[in-house]
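What follows is a short report on a single structure.
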Amino acid sequence: MFITFEGLDGSGKTTVINELLKKLKDNFKFLDYVLTREPGGKDIKESEKIREMILDSDLEFSPITEALLYTTSRRIHIDKVILPALAQNKIVFCDRYYDSFYAYQGYGRNLGMEFTKTLTELAVGKTIPNLTFFFDISPFETRKRRSENNLINDRLELEDLSFHNRVYEGYLEIIKNNKENRFVVVDATKPVNEIVDFIFNYLVKHKDFVKFLK
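FYI, in our numbering the residues of the sequence shown are 149 to 362.
Here is the structure:
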C-alpha cells in the first residue's frame with residue numbers, strides 16, 4: 149500500500165507523520181513499512197544530491213530546469229525505494245509525491261498541468277498512491293508558523309506569498325479534479341495530537357490498510 153502526505157511548507161505534515169508512525173508501531177509492533185520523502189528519498193545518495201541542489205537558496209534554476217530535476221529525482225526514488233518496498237508487500241509512507249510537483253511547479257511556477265502531467269507520466273508510470281492526506285491550512289497561517297518558530301527557509305520557502313497562494317489554490321484544484329478518490333483532507337490548524345488521532349483512526353478502518361495489521 150502506498151500512502152502519501154501533501155501540504156504547504158509549514159503545514160505540520162512531517163511532524164504528524166513521525167508521531168503517527170510512533171503510534172502505529174506502539175499499537176502494531178510488526179507493521180512492515182518504509183518511510184521516505186520527496187525530493188530525495190530514503191538513503192538514496194543520487195536523489196539526495198538533487199534535493200540539495202533544488203533547495204539550495206544560493207542556486208538559481210529556470211522553472212523548466214527545476215521541473216526536470218524533480219522528475220529525475222522522482223524516477224530514481226521510485227526505482228530504488230518505492231517499487232522495491234511495494235514488491236515486498238510493505239506499506240510506503242511518503243512525505244510528498246507528484247501532487248506537490250503539480251501544485252508547486254504546475255501552479256506555483258505557472259508551468260501548467262499539461263506540462264507537469266506529461267513529465268509525471270514519464271517518471272511515475274503506474275506508481276500511483278492508494279491514499280493521500282492533504283494538510284489544509286492557508287499560506288498566511290503557514291508563514292506565521294514558520295516565523296514564530298524561527299524556521300530556516302529553503303529556496304522554495306523564500307518565495308513570496310503570491311507563489312504560495314498559487315500553490316495552495318493548485319492543491320485545491322487537484323483535489324477537486326481527482327478521479328481516483330484518494331484524497332483525505334485534514335484540518336491542519338488543529339493540534340498535532342488531534343491530527344495524529346484522526347489519521348490513525350482513518351487508517352485502522354481502511355479496507356486496504358487493515359490487511360497489514362498484525
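Glycine included, every Cβ here is placed at the ideal spot set by N, Cα and C.
Quantities reported herein were computed from a predicted structural model and do not represent experimental measurements.
Same chain, Cβ closer than 7 Å to residue i, neighbours up to 5 away in sequence not counted
| i | result |
| --- | --- |
| alanine 233 | Val182, Val240 |
| tyrosine 245 | Thr152, Glu186, Pro277 |
| threonine 264 | Ala215, Phe249, Tyr250, Gln253, Gly254 |
| valine 344 | Val164, Glu167, Leu168, Lys171 |
| phenylalanine 357 | Met149, Leu351 |
| glutamate 194 | Ile224 |
Where the alpha helix (DSSP H) through residue i begins and ends
| i | result |
| --- | --- |
| arginine 185 | No alpha helix (DSSP H) contains arginine 185, which is instead part of the beta strand (DSSP E) from 181-185. |
| isoleucine 343 | 340-351 |
| glutamate 200 | 193-203 |
| glycine 318 | 309-325 |
| phenylalanine 150 | Here phenylalanine 150 belongs to no alpha helix (DSSP H); instead the beta strand (DSSP E) covers 150-155. |
| aspartate 247 | 246-249 |
| isoleucine 165 | 161-175 |
| threonine 268 | 261-272 |
| isoleucine 224 | 211-225 |
Burial state of residue i, where buried means 16 or more other Cβ atoms lie within 10 Å
| i | result |
| --- | --- |
| aspartate 247 | buried |
| proline 287 | buried |
| threonine 219 | buried |
| lysine 161 | buried |
| serine 210 | exposed |
| leucine 207 | exposed |
| glycine 318 | buried |
| glycine 273 | exposed |
Cβ separation of residue i and residue j, assumed to be a contact under 8 Å, to the nearest whole Å
| i | j | result |
| --- | --- | --- |
| isoleucine 226 | threonine 184 | Actually they do not touch by this definition, with Cβ atoms about 10 Å apart. |
| phenylalanine 348 | aspartate 243 | In fact, because the Cβ distance is near 17 Å, the residues do not count as touching under 8 Å. |
| alanine 271 | arginine 223 | 4 Å |
| lysine 238 | aspartate 180 | 5 Å |
Residue closest to residue i, alpha-carbon to alpha-carbon, out of the options
| i | options | result |
| --- | --- | --- |
| glycine 188 | Lys161, Ser210, Ile212, Ile230 | Ile230 |
| leucine 259 | Glu196, Ala235, Val315 | Val315 |
| methionine 261 | Asp284, Thr290, Ile212, Phe281 | Ile212 |
| arginine 257 | Phe357, Ile165, Asp308 | Asp308 |
| glycine 158 | Ser310, Arg293, Val332 | Arg293 |
| alanine 336 | Val352, Phe281, Gly318 | Phe281 |
| leucine 267 | Arg291, Asp284, Ser221, Thr290 | Ser221 |
| phenylalanine 360 | Phe176, Gly155, Lys327 | Phe176 |
Chain-order list of residues whose beta-carbon lies under 6 Å from that of residue i (same chain, five-residue window excluded)
| i | result |
| --- | --- |
| leucine 217 | Ile198, Ile202 |
| asparagine 325 | none |
| valine 333 | Phe282, Asp284 |
Close-in-space but distant-in-sequence residues of the same chain around residue i (CB under 8 Å, 5 per side omitted)
| i | result |
| --- | --- |
| histidine 354 | Leu279 |
| glutamate 196 | Gly188, Gly189 |
| arginine 291 | Gly158, Leu309, His312 |
| isoleucine 323 | Phe282, Phe331, Val333 |
Boundaries of the beta strand (DSSP E) in which residue i is found, first to last residue
| i | result |
| --- | --- |
| leucine 231 | Leucine 231 -> not in any beta strand (DSSP E); alpha helix (DSSP H) instead, spanning 231-235. |
| threonine 280 | 279-284 |
| valine 333 | 331-335 |
| isoleucine 239 | 239-243 |
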